[in-house]
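As they're listed, the protein sequences go chains Y and L.
The numbering used here applies: residue 1 is where the first sequence begins, and numbers increase by one.
The numbering used here applies: residue 164 is where the second sequence begins, and numbers increase by one.
Protein chains: 2
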Amino acid sequence: MFDILSTVEAQATDRHQQWRAAERLALTLIEGGMQRMTARTLAVFLFTDQDSVTAGEIADRLEASAGSISAAIKSLATVGLIERLPAPGSRREHYRLRDDAWATLFTSQNTVIAAMLQAAAAGLAVTDEGDPAHRRLAQMHAFYDFLLGELPALLRRWHQQSG
Amino acid sequence: MFDILSTVEAQATDRHQQWRAAERLALTLIEGGMQRMTARTLAVFLFTDQDSVTAGEIADRLEASAGSISAAIKSLATVGLIERLPAPGSRREHYRLRDDAWATLFTSQNTVIAAMLQAAAAGLAVTDEGDPAHRRLAQMHAFYDFLLGELPALLRRWHQQSG
DNA sequence: CCGACTTTTCAGAAATTACTGAACAGTCAG
DNA sequence: CTGACTGTTCAGTAATTTCTGAAAAGTCGG
Numbered sequence: 001m002f003d004i005l006s007t008v009e010a011q012a013t014d015r016h017q018q019w020r021a022a023e024r025l026a027l028t029l030i031e032g033g034m035q036r037m038t039a040r041t042l043a044v045f046l047f048t049d050q051d052s053v054t055a056g057e058i059a060d061r062l063e064a065s066a067g068s069i070s071a072a073i074k075s076l077a078t079v080g081l082i083e084r085l086p087a088p089g090s091r092r093e094h095y096r097l098r099d100d101a102w103a104t105l106f107t108s109q110n111t112v113i114a115a116m117l118q119a120a121a122a123g124l125a126v127t128d129e130g131d132p133a134h135r136r137l138a139q140m141h142a143f144y145d146f147l148l149g150e151l152p153a154l155l156r157r158w159h160q161q162s163g
Numbered sequence: 164m165f166d167i168l169s170t171v172e173a174q175a176t177d178r179h180q181q182w183r184a185a186e187r188l189a190l191t192l193i194e195g196g197m198q199r200m201t202a203r204t205l206a207v208f209l210f211t212d213q214d215s216v217t218a219g220e221i222a223d224r225l226e227a228s229a230g231s232i233s234a235a236i237k238s239l240a241t242v243g244l245i246e247r248l249p250a251p252g253s254r255r256e257h258y259r260l261r262d263d264a265w266a267t268l269f270t271s272q273n274t275v276i277a278a279m280l281q282a283a284a285a286g287l288a289v290t291d292e293g294d295p296a297h298r299r300l301a302q303m304h305a306f307y308d309f310l311l312g313e314l315p316a317l318l319r320r321w322h323q324q325s326g
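Printed below as a string of structure tokens:
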């Protein structure tokens, strides 16, 4: 009887809940080390009901300045999480989350791991065999060497399973 | 002929190089998201030629306040990277890097991954099937679910190989 | 090529975070 | 139990980071 009305109410509730869930996810990303505005921007890319969004739309949604959104988009694009869409006739740039965004985000850890491995190697090179520091650095080196070797196979399994 | 002299000189150089390598490793850790003083403290634990160190020794080495070192040690102990040693007769507390420190550090990522998984699930619960956001959240959920499943086996392989 | 609209850049303001220093608490020798 | 020494806590400050707002640059239709 009042199906239409209740549907409208439910949708309004859903929108609110979705917005809350988006902000909550942003907090998780921030907790994990991501910049505040970059995290909130990424959350918009995830939760929008459109196929793509513009910088202006994000700024409106987050009530943030165009400048900070521009920086956030640049940052997300640099690590490969989002992509610029071939302009669909509009003057404004459209962006969307890439399909393999999360695997990409995870892969960017490779850089960190490689840096740790290199730091350990540098330490090994300037310490003597007998020095306790040498043993510790060797353990560190072994672990990150192992990790760096395992990650490609891990990602291959993922692409196999999902693709 | 001048072996003793050159050895002394080499050692002095090594100490300097070791100190440089330690600070460099600290920078890598900071880059990866660790607090500045916590990273520098961890570097001391790695590069010291002693079996264990005290808070005072670290403060001297880093020329930092006792307060900041205390906070750093607490932080490192909380995530399980260092351990308090059974007091060897001294009044001062001795700490050292744990043997499985690096695996522990990596494992602490599990928390982040679980949080991401939960955030994705929360998003799925408040979006409709047809909504593009639902599809994106499903992809995110699938990836972190996969990761969470793979990591235990990864660490098992590590312990098998190293132990 | 012009004019309107969008995005980017950047200096300065605001907010957050990290460190210090001093007071407090804990512990062990005597 | 006392005194001396080490570690911890916390308020205030210093430094860094992040955001804004406005000006500059870029882009596309006309």
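Glycine included, every Cβ here is placed at the ideal spot set by N, Cα and C.
Neighbouring residues, chain L, relative to residue i (Cβ below 9 Å)
i      : result
Y:D145 : Under the 9 Å cutoff, chain L gives no residues; its nearest Cβ is about 10 Å from Y:D145.
Y:E150 : L317, R320, W321
Cβ-based neighbour list, residue i, same chain, cut-off 8 Å, excluding 5 preceding and 5 following
i      : result
L:A218 : A229, I232, S233, I236, R255, E256, Y258
Y:I30  : R36, A39
L:W182 : F210
L:I276 : Y307, L310, L311, L314
L:M197 : L205
L:G267 : Going by the sequence as given, residue 267 of chain L is Thr instead of Gly. V242, G243, L244, R261, listed in sequence order.
Y:W158 : A103
Y:E23  : R40, A43
L:L318 : A266, F269, T270
L:D291 : H297
Contact test: residue i Cβ vs the ligand ADP heavy atom, cutoff 7 Å
i      : result
L:M200 : This structure does not include the ligand ADP; it has no bound ligands of any sort.
Own chain partners of residue i with C-beta closer than 7 Å, once the 5 adjacent residues on each side are dropped
i      : result
L:L287 : H297, L300, A301, H304
L:D214 : R259
L:L248 : S215, H257, Y258, R259
L:A227 : M200
Y:S108 : V79
L:L239 : T201, T204, L205, I245
L:L280 : H304, Y307, D308, L311
Chain-ordered neighbours of residue i on chain L, where CB pairs are closer than 8 Å
i      : result
Y:A103 : F306
Y:Q161 : F309
Backbone secondary structure at residue i - three-state DSSP
i      : result
Y:V53  : strand
L:E194 : helix
L:R261 : coil
Y:E23  : helix
L:R178 : helix
L:G293 : coil
L:R224 : helix
Y:R156 : helix
L:E256 : coil
Where residue i meets chain Y, residues with beta-carbon distance less than 7 Å
i      : result
L:A282 : R24, L25, T28
L:R299 : L46, L97
Beta-carbon neighbours of residue i, restricted to chain L and to distances below 7 Å
i      : result
Y:V126 : D177, Q180, Q181, A184
Y:E57  : Here the premise fails: no neighbours, minimum Cβ distance about 14 Å.
Host beta strand (DSSP E) of residue i (start-end)
i     : result
Y:R84 : 82–84
Continuous alpha helix (DSSP H) stretch holding residue i: start and end
i      : result
L:G326 : Premise fails: L:G326 is in no alpha helix (DSSP H) and is neither H nor E.
Y:G67  : 66–78
Y:V44  : 36–47
Y:T111 : 109–125
Per-residue contacts from residue i into chain Y (C-beta, under 8 Å)
i      : result
L:P295 : T48, D49, Q50, D51
L:E194 : V112, A115
L:G286 : Q18, A21, A22, L25, L46, F47
Neighbourhood of residue i by C-beta, 6 Å cutoff - its chain only, sequence neighbours within 5 removed
i      : result
L:V207 : I221, R224
Y:A101 : L81
L:A283 : L300, M303, H304
L:Q180 : none
Y:L219 : Lying before the first or after the last residue shown, residue 219 of chain Y is absent from chain Y, which here runs from 1 to 163.
9 Å Cβ cut-off: residues of chain Y touching residue i
i      : result
L:Q198 : Going along chain Y, no residue has its Cβ under 9 Å from L:Q198, so there is no contact; the nearest lies around 11 Å.
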